[in-house]
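Visitor: My structure is below; once you've seen it, I'll send some questions.
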Amino acid sequence: MSSETNADAAEESTSKCGGVTETESASSSTSSSSNCGASSDETSSSDSACGASSSDSSSASESSCGASSDDGSTEQEVGATIEDFDAEPGQLTAVGLGPGQPEGMTERAKTALLEAEHIVGYTTYIDLIPDEITAAADELYDTPMCGEVSRTEEAIDRALAGNDVAIVGSGDPNVYALAGLALEILESKGATASMVEFDVVPGVPAAQSCAARLGAPLVNDTVSVSLSDHLVPMPEIESRLHAVASENFTITIYNPWSRKRRENFQKCCEILLTHRDPETPVGIVHGAGREDEQVMITDLAELEDLGESEIIDMTTTIVVGTEDTYVWDDRMVTPRGYETKYDY
Numbered sequence: 001m002s003s004e005t006n007a008d009a010a011e012e013s014t015s016k017c018g019g020v021t022e023t024e025s026a027s028s029s030t031s032s033s034s035n036c037g038a039s040s041d042e043t044s045s046s047d048s049a050c051g052a053s054s055s056d057s058s059s060a061s062e063s064s065c066g067a068s069s070d071d072g073s074t075e076q077e078v079g080a081t082i083e084d085f086d087a088e089p090g091q092l093t094a095v096g097l098g099p100g101q102p103e104g105m106t107e108r109a110k111t112a113l114l115e116a117e118h119i120v121g122y123t124t125y126i127d128l129i130p131d132e133i134t135a136a137a138d139e140l141y142d143t144p145m146c147g148e149v150s151r152t153e154e155a156i157d158r159a160l161a162g163n164d165v166a167i168v169g170s171g172d173p174n175v176y177a178l179a180g181l182a183l184e185i186l187e188s189k190g191a192t193a194s195m196v197e198f199d200v201v202p203g204v205p206a207a208q209s210c211a212a213r214l215g216a217p218l219v220n221d222t223v224s225v226s227l228s229d230h231l232v233p234m235p236e237i238e239s240r241l242h243a244v245a246s247e248n249f250t251i252t253i254y255n256p257w258s259r260k261r262r263e264n265f266q267k268c269c270e271i272l273l274t275h276r277d278p279e280t281p282v283g284i285v286h287g288a289g290r291e292d293e294q295v296m297i298t299d300l301a302e303l304e305d306l307g308e309s310e311i312i313d314m315t316t317t318i319v320v321g322t323e324d325t326y327v328w329d330d331r332m333v334t335p336r337g338y339e340t341k342y343d344y
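Using the UniProt record's numbering, read the sequence shown as starting at 1 and increasing by one per residue.
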């Protein structure tokens, strides 16, 4: 699937607001310009057509997650406000794609995407959408990793300009995703959620799709923790891990490992071993529902050594069992407590 606005786009196309927009070439990793007349350029700093500023230039200093920032920070200011738009606002829908494969998407998600005029998202997530859906959209707009604020604001500005827009993410829009950010930016622009008919279409979160590959590890109390320190400082994450690991919860770990976050993963393993038995079952699912999916069940003592292996990266979800979790027939089982009340 091409990441252009249209696979057969000419060098120029007319925008929704009547201006001329320049599309990227077929070899580009980003989609075409925004809908209000100004071009969007992922290789140099530029203003989006609706007032949102985006800069992915490699000449700027790099943030902790790879996004560009002139001062080394990831802070971005909101551009246009509600007063800058004359059109009747369209609809903005945050759509969860689920684990990644088309059959993992809900029918409601497919319908919402087919009804959207514009689809906005992280490049990898746009590529997960079935071709028949992206082909039906008027425009696609994607940004690389760490473009969360710029692409969310772009989606909002397109909706405020009168378009029906879907902003997509894997899993569910309310689990380490952009539904909350969209509402925050709407508020900062002086708009309201009802003004743009904001809606959320839930998807299957990674914790659930990965648990399904592992057996039944989540049938009792469960807590999720992300090891990404892009937004939350690592000392705060460590504090959360200590609190969670000291209780008898199943722990689902998102964003466990990257080359820039080796120490985060190592510290996580140390904290878990402080509170849990080394033989605690641990399930690992890499790329759930995608072509490179891998599944492994191991124990907590072996987890840290797997940090340098290909099975653990930012697309991996790790499930750490409770003191009651056991492995039966290559499946993790966390008892719900029925055995204490019923004979079976």
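The beta-carbon is built from N, C-alpha and C at its ideal position, and this holds for glycine as well.
All of these numbers come straight from a predicted model, not from anything done at the bench.
I think leucine 186 touches valine 196, with their Cβ atoms under 8 Å apart; what is that distance to the nearest whole Å?
Guide: Rounded to whole angstroms, the Cβ separation of leucine 186 and valine 196 is 7 Å, and the two are in contact under 8 Å.
Visitor: Quick one: which unbroken alpha helix (DSSP H) runs of 4-plus residues sit fully inside the stretch 254 to 304? Chain order, please.
Guide: 262 to 275, 300 to 303
Visitor: State yes or no: is the C-beta of arginine 336 within less than 7 Å of the C-beta of asparagine 248?
Guide: In this structure, the beta-carbon distance from arginine 336 to asparagine 248 does not fall below 7 Å.
Visitor: Helix or strand or just coil, what does DSSP make of threonine 317?
Guide: In the structure shown, threonine 317 adopts extended strand secondary structure according to DSSP, grouped into three states.
Visitor: DSSP has methionine 332 in a bridge; who is on the other side?
Guide: Gly215, Val327
Visitor: Looking only at C-alpha atoms, which of Arg108, Val149, Gln101 sits nearest to isoleucine 126?
Guide: Gln101
Visitor: In whole angstroms, what separates the C-alpha of arginine 265 from that of proline 278?
Guide: In the sequence under discussion, the amino acid at residue 265 is phenylalanine, which differs from the arginine named in the question. Straight-line Cα distance between these residues: approximately 16 Å.
Visitor: Nearest to alanine 80 by CA position, among Glu270, Val165, Val200, Gly190, is which residue?
Guide: Checked all of Glu270, Val165, Val200, Gly190; the closest Cα to alanine 80 is Gly190.
Visitor: Which ranges would you report for the beta strand (DSSP E) in the stretch 124 to 164 if only whole runs of at least 3 residues count?
Guide: Counting only runs of 3+ residues, the beta strand (DSSP E) found wholly inside the stretch 124 to 164 occupies 139 to 143, in chain order.
Visitor: Buried or exposed for residue 399, going by 16 or more other Cβ atoms inside 10 Å?
Guide: With the chain covering 1 to 344 only, the question about residue 399 has no answer from this structure.
Visitor: What's the call for aspartate 343, buried or exposed, on a 16-neighbour Cβ count within 10 Å?
Guide: Aspartate 343 counts as exposed, since fewer than 16 other beta carbons sit within 10 angstroms of its beta carbon.
Visitor: Leaving out five residues before and five after residue 395 in sequence, what residues of the same chain have Cβ atoms less than 7 Å from its Cβ?
Guide: For residue 395 there is no data in the structure shown, the boundaries of the chain being 1 and 344.
Visitor: Identify the residues that DSSP records as bridge partners of isoleucine 251: which are they?
Guide: DSSP output for isoleucine 251 lists Val223, Val320 as bridge partner(s).
Visitor: Measuring CA to CA, which of Pro235, Met234, Leu214 is closest to histidine 286?
Guide: Leu214
Visitor: Bridge partners for aspartate 199 per DSSP, in chain order?
Guide: Thr93
Visitor: Roughly how many angstroms lie between the CA atoms of glutamate 153 and glutamate 184, to the nearest whole one?
Guide: Their Cα atoms are separated by approximately 10 Å.
Visitor: My guess is that valine 244 and valine 223 are in contact by the Cβ rule of under 8 Å, so how many angstroms apart are they, rounded?
Guide: 5 Å
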